[in-house]
Structure formats: structure tokens, C-alpha cells
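What follows is a short report on a single structure.
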């Protein structure tokens, strides 16, 4: 299978976890979009659910598929959230997320769920977080240059502002900037997470530690499931 076919297969498997009556968190990104599309097909066949989107892009996609939607304020406790990830650490199931730009809402929704299912293709599992991708950090625009200095103090040796195609700062759905921070291999997830949480000006970061219930990995030959 191609990477796109793997993502579609993972999305379809994840959609099979959803049962009528559930409140379902809808992830953001290319892999999560395949799940939303598969869920839309099941809704068209009579599945009764409420979706809580993690971004305006996902809201638009779900609306186009006639998936009934609500907000996290409407439904503060969710049955299941299904989302993608940029890295998945073998064994711990810790994640790096946020290259799609929706990490704050994704983490809020994941935190509210009884079950957090992550769907990825075979390129995403790693032995240690930080092998392949930087950690996205969402930062308030006011004083962002000062916040970047604090991120360097926290150990980020390469910090790249997320930009649009026109060269302007990418703006999140919450009106913030994102800086992609390379910390190298992250051996101590808890310490780095705590350090980032303590920086005034950092809204949220893309390390999702001890949150994942299941990971569905679609390879060229099969679909593999890891569980906590």
C-alpha cells in the first residue's frame, strides 16, 4: 500500500471503534482526515454520534460530511478521541503532535476523553521522541522573542517559527504563533514537559505524555495495534 492507502486503512479501522451514542473527538491532520471521512460514511449509514472537532479545518470537513457537531463546552467528557501523531514512542506510547498546527485544541480534547486512539502510518513509530520531528510549541504573540530565549534556555538548540507560504507567522485557531523546537532525543519527557509548562508565554507544547490508550499503525502489509 502507498502511504495514503495506509492512512486510509488506519482511519477506517479507527472508525470501527465508534459506537452509536458516543461523543467523539475528531482529530486534525492528514491521517485524522481519513478517519473523519470513514466516520462520515458510517454516519450516512445511520450511526448516531456527536463529533467534537479539534480545529476549524476538521469542523469544515466534518460539516461537509453531515456529521453532527458540538463543542467541548457542550460535551466536556468524551467517549473517544481519534487523532494522528507526528511521532509515537515505542513502549510508552508518548507522542509528539502539532505539526498540523492544532496542538492546543488537540490536547484539550484528548485530555477530556475516556479513550485516546492514535492512528499513524509506519513512518511515525520511533525508539525515542525527537528522532524525526521537532516539538511544536504554541506561544502568545506578545513578547514572543523573549519567549524564544526561554525556549533556548530549556534546551532547544534549533527554533524555527512556523510561517505561511507568504512568509508571515502561521496563526493558530487560537490566535497564537508556533515555534518548532529541536531538543534532540528527548530522554526525559517528564522534565522537559514540566520545563516548557513553566515558561510564561508558552500556551502549550506538542509532547503528549501518558495520554494514549491505543495506537493503530497501518503498514504496507498489515494493521498493527498497540495498547497501553
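Residue numbers (the working numbering): 13 to 240.
Built from N, CA and C at the ideal position, the CB exists for glycine as well.
Cα-Cα separation between residue i and residue j, rounded to whole angstroms
i           : j           : result
residue 52  : residue 16  : 18 angstroms
residue 164 : residue 95  : 29 angstroms
residue 169 : residue 90  : 37 angstroms
residue 179 : residue 171 : 16 angstroms
residue 119 : residue 233 : 31 angstroms
Residue burial classification, residue i (beta-carbon count within 10 angstroms, cutoff 16)
i           : result
residue 56  : exposed
residue 217 : buried
residue 153 : exposed
residue 197 : exposed
residue 187 : exposed
residue 126 : exposed
Simplified DSSP assignment, three categories, for residue i
i           : result
residue 82  : coil
residue 237 : strand
residue 53  : helix
residue 73  : helix
Same chain, Cβ closer than 6 angstroms to residue i, neighbours up to 5 away in sequence not counted
i           : result
residue 230 : 18, 21, 22, 133
residue 46  : 19, 20, 23
Close Cβ partners of residue i (< 7 angstroms) along its chain, the five nearest in sequence each way excluded
i          : result
residue 82 : 62, 64
Cβ-based neighbour list, residue i, same chain, cut-off 8 angstroms, excluding 5 preceding and 5 following
i           : result
residue 189 : 150, 151, 152, 153, 156, 173, 174, 181, 182, 183
residue 213 : 151, 152, 154, 155, 156, 158, 159, 162
Handout entry: Contained beta strand (DSSP E) runs [length at least 3] in the segment 101–187, N- to C-terminal order
Key = 128–133, 147–151, 170–173
Exercise for the section: Counting only runs of 3+ residues fully inside the segment 196–234, write out the beta strand (DSSP E) ranges in chain order. Expected result: 214–217, 226–230
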